[in-house]
Each structure stands twice: as C-alpha cells, then as structure tokens.
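A.B. asks: Okay, handing you the structure first.
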Amino acid sequence: MNSSVIHEQVVDVQLFALARELTNVARVSLEVPVEGRPVTIADVQHALMTRFPRLASLGSKLLFAVGTQYADENTVVQPGEPVACFPPVSGG
Amino acid sequence: MPKLTEQPIESQQLLFAVQTTQAGAVILFLGTVREFTNQRQTLALDYEAFAPMAIAEMERIEAEAREKWLVAKIETIHRLGHLTLGEISVGVAVSAPHRDAAFAAGQYVIDELKRRVPIWKKENWSDGSQEWVHP
C-alpha cells in the first residue's frame, strides 16, 4: 500500500426528518472511495445507500446539500465540506 | 431578516417590523395548523429544520424578491417544534410603496419557502399515527 495515495475521503453527512428516522442516525461519517477524481454527491449517495439500505424507500426523492446550498449528483464535495441529506421539504 | 423560532409567532410584531413611512402597502401572510386535510383529522404538527441552510435559503428568497419588486421591508419567520391546532407555523410580512409589489413579493416568498427551505412537517393524526409529509 502506497501511503502517498489517498484511497478514501471521509464525508460527514447530516440526515433530517424521514431520512434520519430510516437510518436511526442524525449524523454519520462515511468513508467514500476516491477513484482518481473528486468525490461527488453521486459517490456520497452510493456510500450512504450501501450503509443504510432502508433509505432506498426514499430513492430518487432524496435531496442533498453541500454546506448550505442545494447540490446535484455532479456537485463536488471538497475534503472537510459537510453534506446534508433529506427528503423533499414540507415547511409552511 | 429571516428567523426560526420555537416560541409562538406574534403576528403584530411582524407587522410592526415591516412598517415604514416609505411604504404605502403592508401585507401579512400567516400559515396556521389546519384541523382537516381532506377527510383526515390533525391533532398537532411537529416541525424540524436544517437551521443554518433554512436561514441561508430564506435570505436568498428575500433577496430574489427584492430584485423582482420594489419593496421596503420583508420579514420571514418559521416556527419549529410541536404546534397545536390553530397555531401559526409561518409568517411573511412585506411592505412596499405600492400594493401590487407587496402582494406579489409576499406570494413569491411563501411559495419559494414551501418549495425550497429545508423544513419538514410531521402530522400527528387523530387515529394516533404519525406521518412525515412529503409532497
């Protein structure tokens, strides 16, 4: 193993509402594999679904944010940036 | 200035906060806890938010409204926690020189809030069940 090569990026994910209840966690640190390109929300989503299969019931409805901005599957997650995962919003 | 609160929303304070001699029009929208949704009866609602993003998103919405219409002041506030029937869950107050802008901006702010701001509502139905509401 070459110690100069980074194999994974730890991404801190906060979960809300039904996403939190389905996983039983409000926050999780995910080890997302790094595959020679920046980590994206699609990578985080894949790691999250693998760790918490029950999230599949929300499927494509799950929303993501990086920091305090909505993100799509192509959004890059820089090391240390927090990610949020939640169902469609229902305030008001 | 957007706010989140766990205390009851005081509608009169919202009105005072936007009133100014620059405005000839003041509008107030209140969202309140409704008892019946179709045939189902609600006992209470629980609201939660991703607070820092909710505030940031409400600030963006207020800024967009200011770009689109000539408004004097905007106040947006959302209640969190456990709300019983009739309580105010959300308040939007807008003042503007003229009523058209006040109504249009107020409608924009509440519509965008419901579409984008990360706040979630859980129904406590009269049959004892609970359910997250997802559009």
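Residue numbers (this note's numbering), protein chains in the order written: chain A, 381 to 472; chain B, -9 to 125. Just so it is clear, CB atoms sit at the ideal spot from N, CA and C, and this is done for glycine as well.
1) Pull up the distance between the alpha-carbon of F26(B) and that of H387(A), whole angstroms please.
2) Taking a cut of 9 Å between CB atoms, which residues from the stretch 16 to 46 of chain B lie near chain A?
3) Rounded C-beta distance between L(-6)(B) and L4(B)? I'm assuming under 8 Å.
4) Does S116(B) come within less than 8 Å of chain A when only Cβ atoms are used?
5) Quick test of your reading: S79(B) and K63(B), contact by CB under 8 Å. State the CB separation rounded to the nearest angstrom.
6) Taking the alpha carbon of R69(B) as the reference point, which residue from F6(B), P108(B), Q120(B), T11(B) has its own alpha carbon closest?
7) Alpha carbon to alpha carbon, how far is V23(B) from P468(A)?
8) Please identify the residue among S1(B), Q29(B), E121(B), H88(B) whose C-alpha is closest to the C-alpha of T11(B).
9) Any chance the stretch 398 to 412 of chain A sits against the stretch 425 to 435 of chain A, with 3 or more Cβ pairs inside 8 Å?
C.D. replies: Let me lay it out:
1) Between F26(B) and H387(A), the C-alpha separation is close to 53 Å.
2) G21, Y37, E38, A39, F40, P42, M43, A44, I45, A46
3) Between L4(B) and L(-6)(B) the Cβ distance is about 14 Å, and since that is not below 8 Å, they are no contact.
4) So no, S116(B) is outside the interface.
5) S79(B) to K63(B), Cβ: 22 Å. No contact.
6) P108(B)
7) Cα-Cα distance, rounded: 20 Å.
8) T11(B) has its Cα closest to that of H88(B), out of S1(B), Q29(B), E121(B), H88(B).
9) yes
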